[in-house]
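S.K.: One structure is given below, represented as structure tokens, and several questions about it will come after.
Numbering (this note's numbering), first residue to last: -15 to 850.
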């Protein structure tokens, strides 16, 4: 019995051991089986520490790398890469919150084990007349270039996406992905070219974020910046700059907005589109407007003429850091455009609201257009705009208001209206007065954000006397478009202010309503873009029939042909306007030192006033000069009544010429000698202004030549020089005693004709020398003047620094008179002047005789050089 029990016990023990062994074997097999089934996705992420964000794409920040689960259904979809600035070590390179990076159009493709980022640099030519066979040719001829490639690390468990390491996509910098605006504080109005050299060793990843339609990678990037004056002379080298940047990849709208054709006869900002229209026509360019997608919520009610809301209003979020006193007027300036939208039946199209207190709100999300405040010296607001390159749809348009704007608002309001409006004779404007200036400027910059372009022709539309009328200005404003860079109402006299005349633009102008109609009024029942053309043409014709709805393209930055398209003018009659402005300027220069002495113990404010008032006079007379040799230039199409250009009549040119000479005879009012003794020592302002007027007149010589060619010789260069000769030498010709002014003008005239007749140059260089500047023939200063004149154009072009933002209608190009050398005209005048002086010398004496002898000596010396 015991033996049987012993055998049973041994058997059970063996069975248990066998079972344990079998269990261990099975467990090992399960482990082996489990290890073998780990996917590439599991191997990549399982058990590893990562920050994950899920939205348009799923992202993982892990081990200093950004892994993106790129959905396969997003392959070949249109996307855009851009950036915004989170913080920066030097806000002269860019301001916080600025969407400064250009919008780069990307498509992603998959090839074997690679995901490819393809950069779309050229818009595909649209096939309109070559048949279906041309589609494949066009497609293969416009394949986007490969920007970068990424190895596919894994597929997601559901196989709907590939996992790639896209770190280098977000952590690189090139001319395409530079996060800085082309126009910034350190660019000094475009005079300084900034070269940003990426420093990878000073850069790193900070975070990730995923939204419904975009993903964001936040990184700190290091740069060394070179600064070159005029792009040629090194000012500073390897200046270190660190910037925290949000690199944003967003998907463009799945259903592209229906575009609208642009037209150069109305001030809309265009994008260019190429079309293949047929074998005989070849490739032509067409233009689309930049505009927001604004659609009525109820098309049936809208078609009945009811005022309806829009499906998705344009919302501008106002920075919480904006000065409290500014916020009201920023909002009013932005929402003033709702009046124009209501005229076309759309209600509440624009909303300006403060940053929401909701912690989930992200002001740096590209889908949020913002109005930011920046503590920067720049004295005008900047804008940025990102558009869908396929249609021109505006996706984001933001404004950056700089701290120094307040000082410029003060200077403009006081120097231009201090005589007419005693309420501004103080060291600080009231909040309401500053607010009026803010609102006026905001209306202009929001207009740019809506797709309008600047319209410098508008300020010349209203009759001058109407600008003194309270009833007229309160109804129509002081300019028919806020898109003109308008001044305050410098024409208004003290009695006009008492009667309630408007001094600062406070509403949209008649022209602004027409542009909003062109851009945004729905055209029902039309499916094709070009089918809208007859309606758009009708609207333009209706606009052209309204006398105050004036628009012209800006000329080249330094080529001044059209006297109606200049900054700083006001009213339709420049001489009448000047006659109203002069008493205001004279009164300001005479009294400012007393009016603004309170609190100005160091006189710094009044020194600035003195300089600004002198500059205001210069700014006021420059538009006058452009009437000499002026040509009004119009964009026209078949059926338009206006010609493509119209030369300013000879009588008007001569009238302006005589007015300028008469003006230069008595500028002593600029020399407030009691004040000048307390200012920094310098030349008398009256002498500098006299020289500017004369040199400005002489600089119009080649423009007179162009105008003469275009008018069939209505006012020739020979007549122009003869008129100058008659004015300058009037008293010498009549044997009258010469004043100091007469002698100075004769010396200026002689110096000019010696230089431009080329008698003091080598005989092989017999070509005229010209200057567009107002004060010097020095080549370096001439270049500086040209660049100074282009400040506004530089600012707009560089604010919108991508090709698609500045493409389209260019400025009116410069053109030249092709009549060969004009040196012979000056040489003939030099001989004529010599003969006149010889005759006058006979009956002269004293200082006058010495004056004549000196000029004869200069002529003789100049002629002997050759």
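C-beta atoms are modelled at their ideal positions from N, C-alpha and C, and glycine is treated no differently.
Keep in mind the model is a prediction, meaning the values are calculated, not measured.
Which full runs of the alpha helix (DSSP H) of 4+ residues lie inside the stretch 638 to 674, going along the chain?
M.R.: Fully enclosed alpha helix (DSSP H) runs of 4 or longer: 657 to 660.
S.K.: List in chain order: all unbroken alpha helix (DSSP H) runs of 4+ residues lying wholly within the stretch 223 to 307.
M.R.: You should have 283 to 287.
S.K.: Have a look at 525, 531 and 611 and flag the residue whose alpha-carbon is nearest the alpha-carbon of residue 557.
M.R.: If you number the chain shown from 1, residue 557 lands on position 573. Nearest option by C-alpha distance: 611.
S.K.: Which value, in whole angstroms, describes the spacing of the CA atoms of residue 620 and residue 731?
M.R.: Indexing the chain shown from 1 puts residue 620 at position 636. Indexing the chain shown from 1 puts residue 731 at position 747. Going from the Cα of residue 620 to the Cα of residue 731 covers about 45 angstroms.
S.K.: By how many angstroms is the C-alpha of residue 489 removed from the C-alpha of residue 161?
M.R.: Here residue 161 corresponds to residue number 177 of the chain shown, with the count starting at 1. Here residue 489 corresponds to residue number 505 of the chain shown, with the count starting at 1. Approximately 39 angstroms between the Cα atoms of the pair.
S.K.: Quick check: the stretch 138 to 152 against the stretch 18 to 38, are there 3 or more CB pairs under 8 angstroms?
M.R.: At 8 angstroms Cβ cutoff, the stretches touch.
S.K.: Going by the beta-carbon positions, is the gap between residue 851 and residue 322 smaller than 7 angstroms?
M.R.: In this structure the chain extends from -15 to 850, so residue 851 is not present and cannot be described.
S.K.: Which of the three DSSP states is assigned to residue 512 in this structure?
M.R.: Here residue 512 is taken as the residue at index 528 of the chain shown, counted from 1. In the structure shown, residue 512 sits in coil (DSSP, three-state: anything other than H, G, I, E or B).
S.K.: Which first and last residues belong to the alpha helix (DSSP H) in which residue 438 is found?
M.R.: As a working mapping, residue 438 is identified with position 454 in the chain shown. From DSSP, residue 438 is part of no alpha helix (DSSP H); its letter is neither H nor E.
S.K.: Alpha carbon to alpha carbon, what distance is there between residue 420 and residue 414?
M.R.: Here the question's residue 414 lines up with position 430 in the chain shown. Here the question's residue 420 lines up with position 436 in the chain shown. Distance between the alpha carbons of residue 414 and residue 420 is about 10 angstroms.
S.K.: In the DSSP output, which residue or residues are listed as bridge partners for residue 179?
M.R.: Numbered from 1 along the chain shown, position 195 holds the residue referred to as residue 179. Answer is 210, bridged to residue 179.
S.K.: Just checking my contact of residue 494 with residue 532 at CB under 8 angstroms: how many whole Å lie between their CB atoms?
M.R.: Your numbering for residue 494 matches position 510 in the chain shown. Your numbering for residue 532 matches position 548 in the chain shown. Between residue 532 and residue 494 the Cβ distance is about 5 angstroms, and since that is below 8 angstroms, they are a contact.
S.K.: Excluding sequence positions up to five away, which residues of its chain have a Cβ less than 7 angstroms from the Cβ of residue 651?
M.R.: Taking the first residue of the chain shown as 1, we reach residue 651 at position 667. Answer for residue 651: 670, 673 and 674, listed in chain order.
S.K.: Which residue's Cα is closest to the Cα of residue 58: 145, 243, 66 and 201?
M.R.: For this step, residue 58 is matched to residue 74 along the chain shown. Measuring from the Cα of residue 58, the nearest candidate turns out to be 145.
S.K.: In angstroms, rounded to a whole number, what distance separates the CA positions of residue 839 and residue 613?
M.R.: The residue labelled residue 839 in the question sits at position 855 within the chain shown. The residue labelled residue 613 in the question sits at position 629 within the chain shown. Their Cα atoms are separated by approximately 29 angstroms.
S.K.: Whole angstroms is fine: what's the gap from residue 222's alpha carbon to residue 393's?
M.R.: Within the chain shown, residue 222 is the residue found at index 238, counting from 1. Within the chain shown, residue 393 is the residue found at index 409, counting from 1. Their backbone Cα atoms lie some 36 angstroms apart in a straight line.
S.K.: Evaluate contact between the stretch 436 to 453 and the stretch 464 to 480, counting only Cβ atoms and requiring at least three cross-stretch pairs below 8 angstroms.
M.R.: Yes, the stretch 436 to 453 is in contact with the stretch 464 to 480.
S.K.: Could you say if the stretch 359 to 366 and the stretch 73 to 80 meet the contact criterion of at least three C-beta pairs nearer than 8 angstroms?
M.R.: At 8 angstroms Cβ cutoff, the stretches touch.
S.K.: By DSSP's criteria, residue 102 is part of a beta bridge. Which residues make up the other side?
M.R.: By 1-based counting over the chain shown, the position of residue 102 is 118. DSSP, once it has assigned bridges, lists 91 and 130 as partnering residue 102.
S.K.: For the beta strand (DSSP E) containing residue 336, list its first residue and its last residue.
M.R.: As a first step, residue 336 must be located in the chain shown, where it is residue number 352. First-last of the beta strand (DSSP E) with residue 336: 334 to 338.
S.K.: Within its chain, find whatever has a CB closer than 6 angstroms to the CB of residue 85; leave out the 5 residues flanking it on each side and keep chain order.
M.R.: On the chain shown, residue 85 is found 101 positions in, with the first residue counted as 1. The answer, listed in chain order, is 66, 67 and 163.
S.K.: From residue 593 to residue 310, what does the alpha carbon distance come to, in whole angstroms?
M.R.: The residue you call residue 593 lines up with position 609 of the chain shown. The residue you call residue 310 lines up with position 326 of the chain shown. Computed Cα separation, rounded: 24 angstroms.
S.K.: To the nearest angstrom, report how far apart residue 16 and residue 27 are at their CA atoms.
M.R.: Against the chain shown, residue 16 aligns to sequence position 32. Against the chain shown, residue 27 aligns to sequence position 43. Low confidence applies here, because residue 16 scores a pLDDT of 49, under 50, leaving its location unreliable; read the following figure in that light. Taking the straight line from one Cα to the other gives about 15 angstroms.
S.K.: For residue 638, collect the residues of the same chain with a Cβ closer than 8 angstroms to its Cβ; drop the 5 residues on either side in sequence, then sort them by chain order.
M.R.: Here residue 638 is taken as the residue at index 654 of the chain shown, counted from 1. Closer than 8 angstroms at the Cβ level, and outside the excluded window around residue 638, lie 699 and 707.
S.K.: Are the Cβ atoms of residue 378 and residue 232 separated by less than 7 angstroms?
M.R.: As a working mapping, residue 378 is identified with position 394 in the chain shown. As a working mapping, residue 232 is identified with position 248 in the chain shown. The answer is no: Cβ separation not under 7 angstroms.
S.K.: Any idea which residues DSSP pairs residue 811 with across the strands?
M.R.: Taking the chain shown and counting its residues from 1, one reaches residue 811 at position 827. Answer is none; residue 811 lacks a bridge partner.
S.K.: Quick check on residue 852: does DSSP put it in helix, strand or coil?
M.R.: With the chain running from -15 to 850 in the structure shown, residue 852 is simply not present.
S.K.: Kindly provide the ranges of any alpha helix (DSSP H) runs that are 4 or more residues long and lie completely inside the stretch 580 to 622, ordered along the chain.
M.R.: Here the runs fully enclosed are 588 to 609.
S.K.: Do residue 250 and residue 507 have their C-beta atoms within less than 7 angstroms of each other?
M.R.: Stepping through the chain shown from its first residue, residue 250 is reached at position 266. Stepping through the chain shown from its first residue, residue 507 is reached at position 523. No. Outside cutoff.
S.K.: Apply the 10 Å Cβ neighbour rule to residue 274 and answer buried if 16 or more other Cβ atoms are within range, or exposed otherwise.
M.R.: One-based indexing of the chain shown puts residue 274 at position 290. So residue 274 counts as buried.
S.K.: What separation, rounded to the nearest whole angstrom, lies between the Cα atoms of residue 554 and residue 181?
M.R.: Taking the chain shown and counting its residues from 1, the one referred to as residue 554 is at position 570. Taking the chain shown and counting its residues from 1, the one referred to as residue 181 is at position 197. Answer to the nearest angstrom: the Cα atoms are 45 angstroms apart.
S.K.: How long is the line joining the alpha carbons of residue 578 and residue 527, rounded to whole angstroms?
M.R.: Here residue 578 refers to the residue found at position 594 of the chain shown. Here residue 527 refers to the residue found at position 543 of the chain shown. Straight-line Cα distance between these residues: approximately 48 angstroms.
S.K.: Would residue 403 and residue 571 be called neighbours here (beta carbons separated by less than 7 angstroms)?
M.R.: One-based indexing of the chain shown puts residue 403 at position 419. One-based indexing of the chain shown puts residue 571 at position 587. Cβ atoms of residue 403 and residue 571: closer than 7 angstroms.
S.K.: At which residues does the beta strand (DSSP E) containing residue 381 begin and terminate?
M.R.: Mapped onto the chain shown, residue 381 falls at position 397. Residue 381 -> beta strand (DSSP E) spans 378 to 386.
S.K.: Contact check, residue 272 vs residue 243 under 8 angstroms by CB: the rounded distance?
M.R.: For the purposes of this step, residue 272 is identified with residue 288 of the chain shown, where counting begins at 1. For the purposes of this step, residue 243 is identified with residue 259 of the chain shown, where counting begins at 1. Sure, about 4 angstroms apart at Cβ, within 8 angstroms.
S.K.: Within 10 angstroms of its Cβ, does residue 605 collect 16 or more other Cβ (buried), or is it exposed?
M.R.: By one-based count along the chain shown, residue 605 stands at place 621. Buried: at least 16 other Cβ atoms inside 10 Å.
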